[in-house]
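All residue numbers for the first sequence refer to full-length UniProt numbering, where the first residue is 1 and numbers rise by one.
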Amino acid sequence: MTLFSAGPFQRRLLRWYTAHQRDLPWRRSKNPYHIWVSEVMLQQTQVATVVDYYRRFLQAFPDIGTLAVAELQDVLKLWEGLGYYARAANLHKAARQIVAGGKKRVPRTPETFGRLPGVGDYINAAVSSIAFGHPLPVVDGNVKRVLARLFLLDEPVNRPSNHRVFLEKARLLLAFKDPGTFNQAMMELGALVCKPGRPLCDQCPVASFCGAHQAGRVTDFPRRLAARKNPHHHLAVGLVKKGNRFLIVRRPATGLLAGLWEMPGGRVEKPENPADACCRAVLESVGLTVFPGPRLARVAHAYTHFKITMDLFACDVVSGRVKRNGYQAHHWIRMKDIGQYPFHRAMHKAFAALAGALPP
DNA sequence: AAATCGGGGTT
DNA sequence: AACCCAGATTT
1 MTLFSAGPFQ RRLLRWYTAH QRDLPWRRSK NPYHIWVSEV MLQQTQVATV
51 VDYYRRFLQA FPDIGTLAVA ELQDVLKLWE GLGYYARAAN LHKAARQIVA
101 GGKKRVPRTP ETFGRLPGVG DYINAAVSSI AFGHPLPVVD GNVKRVLARL
151 FLLDEPVNRP SNHRVFLEKA RLLLAFKDPG TFNQAMMELG ALVCKPGRPL
201 CDQCPVASFC GAHQAGRVTD FPRRLAARKN PHHHLAVGLV KKGNRFLIVR
251 RPATGLLAGL WEMPGGRVEK PENPADACCR AVLESVGLTV FPGPRLARVA
301 HAYTHFKITM DLFACDVVSG RVKRNGYQAH HWIRMKDIGQ YPFHRAMHKA
351 FAALAGALPP
């Protein structure tokens with residue numbers, strides 16, 4: 001391939017970015033903490049999804065000190081529905097580490113910032129370049145796609161060992177004068193023009209530099225390894241009532257949906273019927289012997305690596321008192337209290353089904 | 001190096 | 001349905 005000239009590429013890209021960039025709330029701020037929060041929320045999450053969460057989060061936690069003294073429950077409540085809840089826990093933990101070290105601001109050097117929980121190579125490069133001007137290239141999903149097309153890179157983008165290939169190309173292109181703006185321009189190009197399905201090459205400011213475009217092979221890139229099929233799981237959970245209250249439990253601090261609340265339950269094992277599975281799972285997880293009532297709801301939900309069907313059964317307590325196994329906490333609450341707790345999406349679907357089945 | 005970790009939008 | 005998204009951490 002001919003020698004790639006970074007200067008003209010950068011000028012074309014940056015001129016396009018100046019004219020076409022979206023007006024996003026975090027681009028109106030120079031506060032490093034704001035930039036940081038936005039980058040964490042934007043991890044594997046589209047811009048349109050993040051905007052409202054970003055505003056609400058910064059209204060509640062306007063600075064690192066405020067976040068550090070907050071309860072994790074309250075941080076998770078503001079993260080509710082956004083997914084990848086370890087991001088919230090790590091951000092919260094990082095804020096506490098900064099305050100515990102006698103500071104109240106984002107570390108200005110990549111070496112220090114990069115040691116905080118939840119700060120990997122991408123977020124370190126993004127915050128360090130955008131907020132502090134450090135010349136570190138960012139490589140996210142958008143940038144990988146742009147680079148694969150620009151340089152006809154055959155390496156599958158979803159193979160971890162190929163990451164360094166993309167990082168080296170990004171480093172070659174990086175504009176040292178204003179690396180933060182350049183990095184954002186590369187990502188914006190991927191999001192608005194160099195899109196996965198139908199790239200808008202006729203609107204692309206750097207099409208004349210693009211190997212895939214010149215070769216008429218834009219849709220051949222990026223290459224990717226085939227994903228394997230997702231398994232399906234059947235879950236059964238109980239609406240366990242005591243008077244006018246029902247039981248909710250808080251999931252463990254690590255793993256799937258860490259720290260979120262739900263109704264107790266578990267997997268439906270092979271020969272089992274869902275109602276029996278519900279009773280068994282309630283007994284195993286909270287120590288209550290319950291008798292199954294009617295099925296109140298059936299919810300379908302998809303996670304990244306599996307799908308679930310979740311059945312919700314009314315349950316009457318026969319005997320026992322709560323003895324938790326695995327869960328962090330339990331509360332007996334009324335339906336009007338559910339807004340006080342962070343629940344995962346499948347649980348919200350169940351609540352919605354209940355509201356529809358039992359109109360007021 | 002692969003698996004895990006959400007949820008929603010797009011095609 | 002499969003793919004994709006301003007990835008990080010654990011195994």
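Cβ coordinates follow ideal geometry from the N, Cα and C atoms, glycine included.
Selection from the options that minimises the alpha carbon distance to residue i
i	options	result
Tyr122	Gly180, Leu24, Asp74 and Phe209	Gly180
Arg12	Leu173, Arg334 and Leu247	Leu173
Leu260	Gly133, Gln46, Glu80 and Ser29	Glu80
Cys278	Ala6, Asp316, Phe182 and Ala253	Asp316
Ser319	His344, Leu283 and His232	Leu283
Ile130	Lys177, Pro117 and Ile64	Lys177
Met187	Pro231, Asp140, His301 and Leu153	Asp140
Lys144	Gly190, Asn124, Pro117 and Lys103	Gly190
Ser5	Asn230, Lys104, Phe209 and Arg295	Phe209
Pro32	Thr66, Gln340, Arg108 and Leu14	Arg108
Phe9	Pro205, His20, Tyr54 and Asn162	Pro205
Arg324	Ile338, Ile248, His305 and Pro117	Ile248
His301	Arg295, Thr309 and Leu76	Thr309
Pro231	Val165, Phe306, Leu67 and Leu296	Phe306
Asp23	Leu192, Val99, Gly120 and Ala352	Leu192
Leu42	Glu111, Tyr84, Pro62 and Pro117	Tyr84
Lys229	Ala185, Thr304 and Val218	Thr304
Glu269	Pro294, Leu354, Leu235 and Asn244	Leu235
Range of the contiguous alpha helix (DSSP H) that encloses residue i
i	result
Arg149	Gly141 to Leu150
Pro8	Ala6 to His20
Trp36	Pro32 to Met41
Pro110	Pro110 to Phe113
Thr49	Val47 to Ala60
Asp121	Asp121 to Phe132
Simplified DSSP assignment, three categories, for residue i
i	result
Ala70	coil
Leu82	coil
Arg96	helix
Lys77	helix
Arg105	coil
Pro25	helix
Arg223	coil
Leu91	helix
Gly118	coil
Met1	Caution applies to Met1, whose pLDDT of 45 falls short of 50 and renders its modelled position unreliable; the value that the coordinates give is listed next. Residue state, collapsed to three classes: coil.
Supposed close pair residue i, residue j - CB separation, criterion 8 Å
i	j	result
Val322	Gly287	6 Å
Ala148	Leu136	No, Ala148 and Leu136 are not in contact; Cβ-Cβ is about 20 Å, not under 8 Å.
Pro292	Ala275	4 Å
Val237	Gly265	3 Å
Ala258	Arg267	With a Cβ gap of about 18 Å, Ala258 and Arg267 do not count as contacting.
Ala89	Leu72	6 Å
With a floor of 4 residues, list each alpha helix (DSSP H) that falls wholly inside the UniProt domain "Nudix hydrolase" (230–358), ordered by position along the chain. 274–286 and 345–357
Just list the alpha helix (DSSP H) runs in the stretch 149–221, keeping only unbroken ones of 4 residues or longer that don't cross its boundaries, in chain order. 163–173, 179–192 and 211–214
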